[in-house]
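> Quick note: the sequence shown, position 165, residue 166 per the working numbering, numbers continuous.
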Amino acid sequence: MKLFACPKCQQLVFFESVACTRCGQALAYLPDRELVSGIDLVDEPAGSLPGQAPHARIWRARVEGGGDYRLCRNGTDYAVCNWVIPVEDASELCQACRLNRIVPPLSDPTARAAWARVEVAKHRLVYSLLHLGLAVEPDPEGEQPGLTFSFMQDSASAKVWTGHSDGNVTINIAEADDPFREKIRVQLAETYRTLLGHFRHEVGHYYWARLVRSGDALSNYRALFGDERTDYAQAVKRHYEAGAPSDWPARYVSAYASAHPWEDWAETFAHYLHMVDTLETARAHGLTVRPRPTGGEAAHPGTISSRLDSHDFEDLLAGFVPLTLALNDLNRSMGLADPYPFVLCPPAVDKLRFVHGMVERARDTASAR
């Protein structure tokens, strides 16, 4: 994630900010510029536009060249979005919110609060996908389903399972509840379980279909991950009954990755997004990691994040490993769990390198159009 500042007073602000806490400047995220910007209501006085709905008002961005936008309706009506829409776009929803197929019942305050937390994670996901140049709209030729999201809650008659099917990612909004999510994490013996992690894993299934399912990539994928034609339901059932093989740390990025080649890809894709987004944040903060262990030499030489080439996988890997070691050590100093409780074995690194190549190829194809 990039680092942003208020254009009026230069106070640091967050990706989700809607107003500067120092000067009160209204803020919004401009997806077409990948920037949190100050925005000013075009019509004066502010807030007094008779007969005009809040989402229809025109705001001007405080950026070079200006630009007029409307606020996303999910922001004006429900305060769950700070993205804007260019005035020439007729949609009432921003590029991230228009991907929603189902949202929870908004008359339920608990469900609405959970939806807000889910949207924070989803917007960060969509930021990363757009930043990487990956398609988040339906295939223009209709060959692939578009990416959509369904946010649902359990009912007395039906259990909602987080997962992916034909482009639609379903998230059980109970995952937004920290005690519930931690309980499931312990039950499943997982080392890591977050809302953002769910999103990154499930969209991995979607991008397998878009990036790998056909062409020369499929044979290369099978050589690394295995044959996805093996019975998926049986493989997952076996995983939950018998657990991961004892040697999984030497072959996979996580225990669940060992369940089936599809899950191996999805887990690896999620870890790739962990890598590129964390490194972008480190770069934005100007972090430099130079390990100085007492009584010996550091196993990793460290990294200067500002010098990393995001298109070079070896650069990304060289920066990510010492950064996660530092992050884990800092958390332990605060009595907190490791934010990245994984060790990247050589086969997992090879798979991450393959994902990187697929993403880079998709980016090059999109930019050539």
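Each residue gets a CB set at the ideal place from its N, CA and C atoms; glycine is no exception.
Pull up the CB-CB distance for P110 and M153, whole angstroms please, since I reckon it's below 8 angstroms.
About 17 angstroms; that fails the 8 angstroms criterion.
> Would Q96 and P146 qualify as a contact pair, given that the criterion is a beta-carbon distance under 9 angstroms?
no
> In terms of alpha-carbon separation, which member of V350, D179, R223 and D330 lies closest to W263?
The shortest C-alpha separation from W263 is found at R223.
> With DSSP as the reference, label A20 as helix, strand or coil.
strand
> What ranges does the alpha helix (DSSP H) occupy inside the stretch 129-213, keeping only unbroken runs of at least 4 residues that lie completely in it?
179-188 and 196-212
> Using CA coordinates, which residue listed in S108, E89 and A117 is at the minimum distance from C98?
A117
> Going by Cα to Cα distance, which pick from T289, A319 and T231 is closest to A300?
A319
> Taking the beta carbon of R362 as the centre, do at least 16 other beta carbons fall within 10 Å, making it buried, or is it exposed?
exposed
> Quick one, which of A136, H206 and F181 has its alpha-carbon nearest D167's?
H206
> Apart from the five residues on each side of it in sequence, which residues of its chain come closer than 7 angstroms, Cβ to Cβ, to A245?
A256 and S259
> Between S18 and N101, is the Cβ-Cβ spacing less than 9 angstroms?
Contact flag unset, no.
> Quick test of your reading: L148 and V161, contact by CB under 8 angstroms. State the CB separation rounded to the nearest angstrom.
With a Cβ gap of about 19 angstroms, L148 and V161 do not count as contacting.
> Ignore the nearest five residues each way along the sequence and tell me which others in L212's own chain have a CB closer than 8 angstroms to its CB.
A218, M359, V360, R362 and A363
> Please work out which residues of its chain come closer than 6 angstroms, Cβ to Cβ, to Y273, disregarding the five sequence neighbours upstream and downstream, and give them in chain order.
L353 and V356
> What residue from V170, V322, R284 and A349 has the CA that sits closest to H202's CA?
V170
> Let me make sure I understand the geometry here. Which of G296, T295, E298 and L324 has the alpha-carbon closest to that of L309?
L324
> Measuring alpha carbon to alpha carbon, tell me which of A338, S129, Q11 and T282 ends up nearest S38.
Q11
> Quick check on the burial criterion: 16 or more other C-beta atoms within 10 angstroms. Buried or exposed for D351?
exposed
> Grouping DSSP H, G and I as helix and E and B as strand, with all else coil, what is S334?
Here S334 sits in helix by DSSP.
> Would you kindly check if the distance between the Cβ of T289 and the Cβ of S307 is under 9 angstroms?
yes
> Taking the alpha carbon of S156 as the reference point, which residue from P250, A175 and G164 has its own alpha carbon closest?
The candidate whose alpha carbon is nearest that of S156 is A175.
> Looking at C-alpha atoms only, which residue of L331, F321 and F226 is the closest neighbour of A267?
Put simply, of L331, F321 and F226 the residue whose alpha carbon is nearest the alpha carbon of A267 is F226.
> Is it buried or exposed for H312, if we count other Cβ within 10 angstroms and need 16 for buried?
exposed
> Would you kindly report the start and end of the unbroken alpha helix (DSSP H) that includes W84?
First-last for W84: undefined, no H or E at that position.
> Grab the span of the beta strand (DSSP E) containing S38 for me, first residue to last.
L36 to L42
> Helix, strand or coil for F270 per DSSP?
In the three-state reduction of the DSSP assignment, F270 falls in the helix class.
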